[in-house]
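Q: Once you've had a glance at the structure underneath, I'll fire off some questions.
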Amino acid sequence: MSSSPDSSGSSDPEALGATTGRLRIDRRHLLYAGVATLAALGGAGIAWWERRPADVAPDASLEFWAQSFDTPEGGRLAMQSFRGKPLLVNFWATWCGPCVEEMPLLDSFYHENSSKSWQVVGLAVDKPDPVRRFLRRVPVSYPIAMADLTGLELGRALGNSQGGLPFSVVFGADGALIARKIGKLNAGDLQQWVTQRS
343 MSSSPDSSGS SDPEALGATT GRLRIDRRHL LYAGVATLAA LGGAGIAWWE RRPADVAPDA
403 SLEFWAQSFD TPEGGRLAMQ SFRGKPLLVN FWATWCGPCV EEMPLLDSFY HENSSKSWQV
463 VGLAVDKPDP VRRFLRRVPV SYPIAMADLT GLELGRALGN SQGGLPFSVV FGADGALIAR
523 KIGKLNAGDL QQWVTQRS
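Next up, the structure:
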């Protein structure tokens, strides 16, 4: 007596078992892939939340404009001297990989936009000797000043509560804080800021 084939077209019990096993494995892979995707999205969300600037402290802009910092060459650089034009301030350090990576972009931005009244200042949250050595190897056209630990406190007041680097802020021509970013800049960030101020 012959057995009739099942819906899969097979009458072999071993083949049926193999098919069922494959379905279980496929479901397991889908489940693992789903969990991995959720974990990745959750991690990205946490990273975004941690990199999101915090609230700005009262009078942080006034405090910024009152600052004056030593330069690597031994002079002084008063932030007040930059008022009246849009200013991009980049907090950085020689030991910060993303900071170093974005410096050529900042230098290009400075060259391309200084004729449009844009200014750039790099505030090194670092010691003078490493900064001098670094700038001999990787010179930039925009002014650099030595902010050291004052730079960390100033950054926190401007919304960088974690003290992460790089940290960039933009002040409008009127001296008001208009943009902030924790983390490495990209060309899109810079273009957006220029468009907002045009």
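Everything in the sequence shown is counted per the working numbering, starting at 343 for the first residue and increasing by one.
Backbone N, C-alpha and C fix where the C-beta goes; we use that ideal spot for every residue, glycine too.
Fair warning: this is a prediction, and the values are worked out from it, not measured in the lab.
On the CB-based measure, 16 or more other CB atoms within 10 Å of its CB, does glycine 493 come out buried or exposed?
A: Result: buried.
Q: Measuring straight from C-alpha to C-alpha, what distance separates glutamine 538 and threonine 436?
A: Roughly 30 Å separates the two Cα atoms.
Q: Since valine 431 contacts valine 467 with CB under 8 Å, what's their CB separation in whole angstroms?
A: With a Cβ gap of about 12 Å, valine 431 and valine 467 do not count as contacting.
Q: Quick check on aspartate 531: buried or exposed, where buried means 16 or more other Cβ atoms within 10 Å of its Cβ?
A: Buried is the call here.
Q: May I have the straight-line CA-CA distance separating alanine 487 from leucine 429, to the nearest angstrom?
A: Those two C-alpha atoms are separated by around 14 Å.
Q: Could you check the C-alpha separation between glycine 514 and isoleucine 520 for me, to the nearest Å?
A: Spanning the two alpha carbons is a distance of roughly 6 Å.
Q: Would you kindly work out how many angstroms separate the C-alpha atoms of serine 459 and glutamine 422, rounded to a whole number?
A: C-alpha separation (whole angstroms): 16 Å.
Q: With DSSP run on the structure shown, which of helix, strand or coil describes asparagine 432?
A: The answer is strand: DSSP assigns asparagine 432 an E or B state.
Q: Which same chain residues end up closer than 7 Å to phenylalanine 424 when comparing Cβ atoms and leaving out the 5 residues on each side of it in sequence?
A: Hits under 7 Å: Gln461 and Val463.
Q: Using only the alpha-carbon positions, how far apart do glutamate 454 and glutamine 504 sit?
A: Their Cα atoms are separated by approximately 32 Å.
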